[in-house]
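Peer 1: Okay, here's the structure, questions in a sec.
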Amino acid sequence: MARKRSGASTGFTAFQYVVCIFIAIICLFPFVIMLVNCTRSSNSIMGNAISLIPGTDLFKNYKVFEGKTFNPWTGFVNSIIISVGATACTIYFSTLTAYSIVAYDWKAKKAFFVLIMCVLMIPGQVTSIGFYQFMYKIKLVNSYIPLIVPAIAAPATVFYMRQYMIPSLPMEIVQSARIDGAGEFRTFNQIVLPLMKPAMATQAIFAFVASWNALFIPSILLTDKDKWTMPIMVSQLAGDSYKVEFGAVYLGLVMTVLPLFVVYFLLSKYIIAGVALGGVKE
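Right, here's the structure in full:
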């Protein structure tokens, strides 16, 4: 009987591995196709869009970028500047806002949190026209400031940070720091932020991806081609009225996706550490 139970347990574990491998293949398959298609010609892709055999037209596809009036590497740098700046603003100030809600008792705290949740329900497209008019009046069109500074107000991130902070932040440590004479900002920067690393890493991935992939707001604010982001340049490739160079489009998508992988792999260790820490019972 003991042997049968052991065999059944081993079989179930093997089944789990098979399912996980199958799901991993399904998730990675679109990225593999994208990498392969960026090396193929447009005619080859139109004839057979799905292929696992790389082509020889990688440099020809890159020359399509050179034939355009914009530089893809400039767009890559522009996207990096905007995404890193917006992510830093989102994470720091959202964590600071959540800390003010959790760590302090003030009369309007509940009303303030309800207001944040109400803002979360308003779609960004509703306010885009008014936002553009405001930026135009204060002469911030063709500037990175409207794409970075408004990231300070991120209600979804504030909500997540608050929910994570309530069970994870020991207020005894905060009180001890105050008794020792530490200022509020020093307490926040040196004590609270290190404890919030797993939550910050998780939200940093989402904030970076959202800022990097943003197309609508940057496309109406940035009319100078030297300040275009990568998604705008890729949309220009796909919007050619005469001929769409699918190989160049896939190459642009690869250039767009690679930084997202880098950010995920850099921050994933903090997420795993946070999950492991939360699974330890005292």
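Each residue of the sequence shown is one higher than the last, beginning at 1009 in our numbering.
Positions of the beta carbon are idealized from the N, C-alpha and C atoms, including for glycine.
#1: Return helix, strand or coil for Cys1097, following the three-state DSSP convention.
#2: Just to confirm, is the Cβ distance from Leu1268 to Ala1256 under 8 angstroms?
#3: Quick one: what's got a C-beta closer than 7 angstroms to Leu1275's C-beta in the same chain, skipping five residues either side?
#4: Can you give, in chain order, each stretch of the alpha helix (DSSP H) that sits fully within the stretch 1093–1151 and has at least 4 residues?
#5: Going along the chain, which residues of its own chain have a beta-carbon closer than 7 angstroms to the beta-carbon of Thr1095, five neighbours each way excluded?
#6: Considering just the uninterrupted stretch of the alpha helix (DSSP H) at Ile1058, what are its terminal residues?
#7: Note down, one range per segment and in chain order, each alpha helix (DSSP H) of at least 4 residues found wholly within the stretch 1148–1197.
#8: Should Phe1292 be labelled buried (16 or more other beta-carbon atoms within 10 Å of its own) or exposed?
#9: Kindly list the residues whose CB is nearer than 6 angstroms to the CB of Lys1012, restricted to its own chain and excluding five residues on each side of it in sequence; keep chain order.
#10: Name the residue from Ala1222, Pro1175, Phe1196 whose alpha carbon lies nearest to the alpha carbon of Ser1108.
#11: Apply the 10 Å Cβ neighbour rule to Ile1240 and answer buried if 16 or more other Cβ atoms are within range, or exposed otherwise.
#12: Measure from the alpha carbon of Tyr1292 to the alpha carbon of each residue in Ile1090, Ile1029, Lys1205, Asn1056, then state which is nearest.
#13: For Lys1233 and Phe1073, which I take to be in contact (beta-carbon distance under 8 angstroms), what is that distance rounded to the nearest angstrom?
#14: Excluding the five sequence neighbours on either side, which residues of its own chain have a C-beta within less than 6 angstroms of the C-beta of Leu1292, listed in chain order?
#15: Could you tell me the distance, in whole angstroms, from the CA atom of Asn1150 to the CA atom of Thr1264?
#16: How far does the alpha helix (DSSP H) with Ala1222 in it reach, from first residue to last?
#17: For Leu1177, which residues in the same chain have their Cβ closer than 7 angstroms to its Cβ, ignoring the five residues on either side in sequence?
#18: Locate the alpha helix (DSSP H) running through Asn1069, then write down its first and last residues.
#19: Below 8 angstroms between beta carbons: does that hold for Met1169 and Ser1102?
#20: Which residues in the same chain as Ile1156 place their Cβ atom closer than 7 angstroms to its Cβ, once the five residues preceding and following it in sequence are excluded?
#21: Leaving out five residues on either side along the sequence, give the residues of the same chain with a beta carbon under 7 angstroms from the beta carbon of Tyr1258.
Peer 2: Taking the geometry as given:
#1: helix
#2: no
#3: Ala1209, Ala1212, Ile1213
#4: 1117–1128, 1136–1145
#5: Ala1212, Ala1215, Phe1216, Ser1219
#6: Premise fails: Ile1058 is in no alpha helix (DSSP H) and is neither H nor E.
#7: 1153–1156, 1163–1176, 1179–1187, 1192–1195
#8: The chain is shown only over 1009 to 1290; residue 1292 falls outside these bounds and no answer can be derived.
#9: Because Lys1012 sits at a pLDDT of 49, beneath the cut-off of 50, its placement in the model cannot be relied upon, and the point is left open.
#10: Phe1196
#11: buried
#12: Missing from the structure shown is residue 1292; the chain here goes from 1009 to 1290 and no further.
#13: That pair is no contact at about 13 angstroms.
#14: Not covered by the structure: residue 1292. The range shown for the chain is 1009 to 1290.
#15: 21 angstroms
#16: That residue, Ala1222, is in no alpha helix (DSSP H); it is neither H nor E in DSSP.
#17: Val1110, Val1200, Leu1203
#18: 1066–1074
#19: yes
#20: Ile1090, Gly1093, Ala1094, Cys1097
#21: Met1042, Asn1045, Cys1046
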